[in-house]
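Chains as they are written, first to last, in our numbering: chain A, 13 to 645; chain U, 13 to 645.
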């Protein structure tokens, strides 16, 4: 590519050598002397590596540390202790080991639960509940010769047969197991994945990529009609940071790395991606790319489409990857956007170059109490308009405010609870806030201390214009801390006849209030019509702000005692809620994705021509539907 | 979609009516009482509407106000007056009517030009140079019955047969005309476009959408091998703002609106998009979407992909449009990104909903002189790292600094030029800056006055860390003002045997210096090897900053006297420059796009699978290649 320099001259030679060095440097993997992390060679025969030696959260046999029929770690759950108090077991979380004195009453008041009426889960998976695997012998034979670890153990297969939709967990708790993968395979690196995909194409085996397993769109469900052997391609062992580029503030990772490991490892070098989805303990980089994930602090760090510099994906047609690491390009339609959102239907994302940032110098939480939800939304809208949103700003409705109170741990100090009471008195009696209307926004600021304090002032000043009252850092911090334990609460509910789900949307600003009110009303009405005996919980929060709208997150839960087919009732209400969202101008999803759960609305969302485009890409990339999770289309 | 509410009750009726009103409101076009602009009905038989009555810049017969063989307005050009001084004619620009005393010498020193040696353009297009149109009679007959205005006038056809690549303008100046459209059609609205596309599909006519005509990627060139009738679909008369939504800060426009009209019309309501590509006087919204345009102030307003809320495009398969106006979604791969960058190969963009912002309260220009380019780049990199870039920050190299001086208008005041001289003395003699090394960054800040001043201080403080010296607002302002007149300069050059082009790339931070140095060296070497008799101008500037890299813009020009085939030499050097860019880690394009000029590198840019995806979409959307400009693939 360099031109032939005619003539001699030491000057020209020097320049030519310099340029050759530069070009060669460009072709080399940019391992810098300052890079602290160097990847070990990928060994296909890698024996069982344990968590500590690799700094990895997720072992191959996930069921060793995670629940097979519920959320999260096995050692962590909500339960009622011998005294009848709600307790959060384990040692992993700030809340672990604490009592929540108000939770029992809240459950009883909100759902009409009765601790005497239990609906416990099937504790152990019985192997007989699992169909024997349908193995494609030719595929397995060739797989053996690659040395890539695999299993057709019932427990391994069941673990990867589902995400965390209500109906999936409900079924598992009943010990019911539907179509599951026939085989689980654990590639260690990109080349392993290439080999697996080649074999799958050769032997017509259905591949379902499995990252964190946190899908709430039925994305991981095995299509019951699938007659071919289904192989779950588990990316968790393919999780190294391959390089960190401090000059360009980028890092290159294998796509199986999960959020908590990625941040922890980058933090060791003083960096972060800042991508913190609520699922980050378990969800993977590849999964974020495949589902267009959004993180709590997107106001600073961006959503996944803002973070990604380059993606590598293995498809039946070969590997897709741009040639350039440039920050922004005009080279036809952006193929990254053919990959992002493909939800496992086109291939396996194996490696990603992402932006990184220096860790923030300073973090400060905050909270604001508003007299009502309308004022809170108006405040969020103004904050968005002035483009001064903190790293995170979330506005919960009154129901969630009360729910948050129910999760307050028992405090050791009489003084602290006295202060709490004082605060409540101040807000309700002194300032005249109605405890049945008020709502709370939680805030997180990050950055240089001076700028944070300035920023904080600006936001609180705006809040005051909308009747907002600063309510302290600890309320804010607790709000965010609860983020990671909320998911465990559903399992507690399900022990007492309460089922529920979260769902989300994005919507223009002028529709936010309508959507919040109308969807909640719709849920309540639908439950009533379908014979749900106790009023459901229907709650929402505005969880992200944008220039032209917001992300709204709903919780929906009800006591199903007396219903013969509670999951069916749940599904109908959930369906009606989504119809209501769409009718009110909300999107099909802000970040959870479509999966199989929301396929029926895809055509309406993207138009016939859009569907045709997506299908044309699928038909080209994967004509035999090797990546047969049947999401999206 | 709303559930059947069983039972009566005035409360329920009231709620139901409320919800119905809301849903109906969602379906209505959101014309608010506060919206100041309401679109008139689209009349297919609309007679010639002139510029002033519609607020439109671009008349149907563009040649009435624009050059047929050069850049921009007919009444504006650089020339040498009777005194041999360079003058900028007309009244449209700040620089209009001014003398540039230093320009003549700069041209002579830089290119070895001689005002005695002229290479003037062919002043008038001779109709005989234009082949008679190949009309598809059946198509024309049906077109007539639609009432949509059209022409097969030679001047109209030639005008739309090209963009502004050097080889295109050079040929026109020689009076040479290649393949041109056979017909020009001017739809007035989306429905007109639907009709035209239907007819084109029915009669197998090639459609080439034509927006601003400012393509520099050979995107508008008619493929010479095209045997079907070529119809240029000129969007300029389809240019209304249909509504402004002040609640959501969005606006909905017809895609033929050009940048200067869009901003001017929005300004009347106190808003702006803030999208200001250098071509904004003439380039259109539809063109920006089709080519993934970038604007000068993207640091505040974003690039086109950040600005677009919803796009509507007419394709042979039908109309593609999302159903929702939500700010950010996860509904599979983002179909907007199948449209953006499609460069006229899939359909015609007819309407776009974009974000708008309140006009900034305050604007302040600035400039910084650096001792050398390396320090300047390091400063830009630090500004990007601290995420405190102004609305615009551009760093030009020493060659462009000198070029900028050559364009200084004669000042009326002795005092002002004395001040200038004083400034030069201070910078060079007092501070020790070498006038052959120093370079200048121009800055633009926008926003609340207080914030701007704070921001400004932060940036100048960083600049000082890299040896940068504040050099005043007027130098900054002049730098930006020159943006719109630079394009006229090429025509002057071409009057004196100088041909040239700009080209651009995006590149990671650690490659910026290498790419700047290597590409300039390569250009100089290639010119020498190919017998160019005078050293070429090879100059660059870093024109946008991002987290992980920058946009670099090159100027390349040379005196071609003595060359028998100057355009061929030019093309070879341009090609080599792009090879050098790619070898040094730069992208194929940051914002100019691919067109036909850079097709050969597409496969390398997006990989085989990426090409396959793009082709599969093309084959589905446009199986008969109705949109046959043959860009990209």
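Positions of the beta carbon are idealized from the N, C-alpha and C atoms, including for glycine.
> What are the residues of the stretch 505 to 532 of chain A that lie near chain U, defined by any Cβ-Cβ distance shorter than 8 angstroms?
Replying inline: Residues 517, 518, 519, 520, 521, 522, 523, 526 and 530.
>> Under 8 angstroms, CB to CB, which of the residues in the stretch 612 to 636 of chain U have a partner in chain A?
In response: So the list reads 614, 616, 617, 618, 619, 620, 621, 622, 624, 625, 626, 627, 628, 629, 631, 632 and 633, given in the order they occur along the chain.
> Does the Cβ-Cβ distance between residue 445 (chain U) and residue 381 (chain U) come in under 9 angstroms?
Replying inline: Yes, Cβ-Cβ distance for residue 445 (chain U) and residue 381 (chain U) is below 9 angstroms.
> Exposed or buried, which one is residue 93 (chain A) when buried takes at least 16 other CB atoms within 10 Å?
Replying inline: That one is exposed.
> Listing by chain order, which chain A residues have their CB less than 8 angstroms from the CB of residue 380 (chain U)?
Replying inline: Under the 8 angstroms cutoff, chain A gives no residues; its nearest Cβ is about 22 angstroms from residue 380 (chain U).
>> Give the list of continuous beta strand (DSSP E) stretches no shorter than 3 residues that lie fully inside the stretch 124 to 202 of chain U.
In response: If we require 3 residues or more, the beta strand (DSSP E) runs fully inside the stretch 124 to 202 of chain U come out as 195 to 197.
> So who's on the other strand from residue 553 (chain A), going by DSSP bridges?
Replying inline: DSSP lists A:408 and A:565 as partners of residue 553 (chain A).
> What do you reckon, are the CB atoms on residue 479 (chain A) and residue 521 (chain A) nearer than 9 angstroms?
Replying inline: Taking 9 angstroms as the Cβ cut-off, residue 479 (chain A) and residue 521 (chain A) do not qualify as a contacting pair.
> What is the C-beta distance between residue 564 (chain U) and residue 519 (chain U), in whole angstroms, given that I count them as a contact (C-beta under 8 angstroms)?
Replying inline: Correct: roughly 6 angstroms between the Cβ atoms.
> Going by other Cβ atoms of all chains shown within 10 Å of its Cβ, with 16 needed for buried, is residue 358 (chain A) buried or exposed?
Replying inline: If you draw a 10 Å sphere on the C-beta of residue 358 (chain A), you find 16 or more other C-beta atoms in it, and that means buried.
>> Between which two residues does the beta strand (DSSP E) holding residue 11 (chain U) run?
In response: Here chain U covers residues 13 to 645 and nothing more, so residue 11 (chain U) does not appear.
>> Quick check on the DSSP output: the beta strand (DSSP E) that includes residue 623 (chain A) runs from which residue to which?
In response: Run containing residue 623 (chain A): none in the beta strand (DSSP E); it sits in the alpha helix (DSSP H), 614 to 633.
> Is there at least one Cβ from chain A nearer than 9 angstroms to residue 641 (chain U)'s Cβ?
Replying inline: False, the Cβ-Cβ gap to chain A never drops below 9 angstroms.
>> Just verifying my parser: in three-state terms, what is the DSSP assignment at residue 307 (chain U)?
In response: Residue 307 (chain U): coil per DSSP, three-state reduction.
> How big is the Cα-Cα spacing for residue 45 (chain A) and residue 525 (chain U)?
Replying inline: Interpretation of residue 45 (chain A) is limited by its pLDDT of 37, a score under 50 that renders its predicted location unreliable; the figure taken from the coordinates is listed afterwards. Distance from the CA of residue 45 (chain A) to the CA of residue 525 (chain U), rounded to the nearest whole angstrom, comes to 20 angstroms.
>> Restricting to Cα atoms, I'd like to know which of A:272, A:134 and A:325 is closest to residue 186 (chain A).
In response: The shortest C-alpha separation from residue 186 (chain A) is found at A:134.
>> At 3 residues or longer, what runs of the beta strand (DSSP E) sit wholly inside the stretch 275 to 345 of chain U?
In response: If we require 3 residues or more, the beta strand (DSSP E) runs fully inside the stretch 275 to 345 of chain U come out as 320 to 327 and 330 to 332.
>> Please classify residue 421 (chain A) as buried or exposed, where buried requires at least 16 other C-beta atoms within 10 Å of its C-beta.
In response: Residue 421 (chain A) is buried by the Cβ-count criterion.
>> Between A:462, A:351, A:411 and A:384, which has its C-alpha nearest residue 123 (chain A)'s C-alpha?
In response: The residue with the shortest Cα to Cα distance from residue 123 (chain A) is A:411.
> For the putative contact between residue 206 (chain U) and residue 331 (chain U), defined by C-beta atoms under 8 angstroms, what is the C-beta separation to the nearest angstrom?
Replying inline: Between residue 331 (chain U) and residue 206 (chain U) the Cβ distance is about 7 angstroms, and since that is below 8 angstroms, they are a contact.
> Using the rule of at least 16 other Cβ atoms within 10 Å of the residue's Cβ for burial, across every protein chain shown, is residue 130 (chain U) buried or exposed?
Replying inline: By the neighbour-count criterion, in which 16 or more other beta carbons inside 10 Å mark a residue as buried, residue 130 (chain U) falls on the exposed side.
>> Which residues of the stretch 548 to 563 of chain A have a Cβ closer than 7 angstroms to any Cβ of chain U? Give them in chain order.
In response: Per Cβ criterion, the list reads 558, 559, 560 and 561.
>> At the 9 angstroms Cβ level, is residue 391 (chain U) part of the contact set with chain A, yes or no?
In response: Taking a beta-carbon distance threshold of 9 angstroms, residue 391 (chain U) does not count as an interface residue toward chain A.
> Between U:308, U:199, U:101 and U:155, which lies nearest to residue 558 (chain U) when the distance is taken from Cα to Cα?
Replying inline: It is U:308.
>> If distances are taken between C-alpha atoms only, which option among A:271, A:535, A:639 and A:258 comes closest to residue 252 (chain A)?
In response: Cα-wise, what sits closest to residue 252 (chain A) is A:271.
>> Check this for me: beta carbons of residue 603 (chain U) and residue 306 (chain U), under 9 angstroms apart or not?
In response: Yes, the Cβ-Cβ distance between residue 603 (chain U) and residue 306 (chain U) is below 9 angstroms.
>> Taking 9 angstroms as the threshold (C-beta atoms), are residue 605 (chain U) and residue 342 (chain A) in contact?
In response: Result yes, Cβ atoms of residue 342 (chain A) and residue 605 (chain U) sit closer than 9 angstroms.
> For a contact meaning CB atoms closer than 7 angstroms, what does residue 644 (chain A) contact in chain U?
Replying inline: One finds 344 in chain U with Cβ atoms closer than 7 angstroms to the Cβ of residue 644 (chain A), taken in chain order.
>> Within 10 Å of its beta-carbon, does residue 634 (chain U) have 16 or more other beta-carbons around it, so buried, or fewer, so exposed?
In response: So residue 634 (chain U) counts as buried.
>> I'd like to know whether the C-beta atoms of residue 570 (chain U) and residue 528 (chain U) end up nearer to each other than 9 angstroms.
In response: No, they are not a contact pair.
>> I want to know whether the stretch 462 to 471 of chain A touches the stretch 486 to 501 of chain A - three or more CB-CB distances under 8 angstroms.
In response: Here the stretch 462 to 471 of chain A makes no contact with the stretch 486 to 501 of chain A; the two share fewer than three CB pairs at distances below 8 angstroms.
>> According to DSSP, simplified to helix, strand and coil, what is residue 69 (chain U)?
In response: Residue state, collapsed to three classes: coil.
> With residue 316 (chain A) and residue 337 (chain A) assumed to form a contact (beta carbons below 8 angstroms), what rounded beta-carbon distance in angstroms separates them?
Replying inline: About 17 angstroms separates the two Cβ atoms, so there is no contact after all.
> Does the beta-carbon of residue 640 (chain A) have 16 or more other beta-carbons within 10 angstroms, so that it is buried, or is it exposed?
Replying inline: By the C-beta density criterion, residue 640 (chain A) is buried, having at least 16 other C-beta atoms within 10 angstroms.
>> If distances are taken between C-alpha atoms only, which option among U:204, U:567, U:120 and U:224 comes closest to residue 178 (chain U)?
In response: It is U:567.
>> Residues in the same chain with beta-carbon distance under 7 angstroms from residue 79 (chain U), minus the five sequence neighbours each way, listed in chain order, please.
In response: Contacts found: 86.
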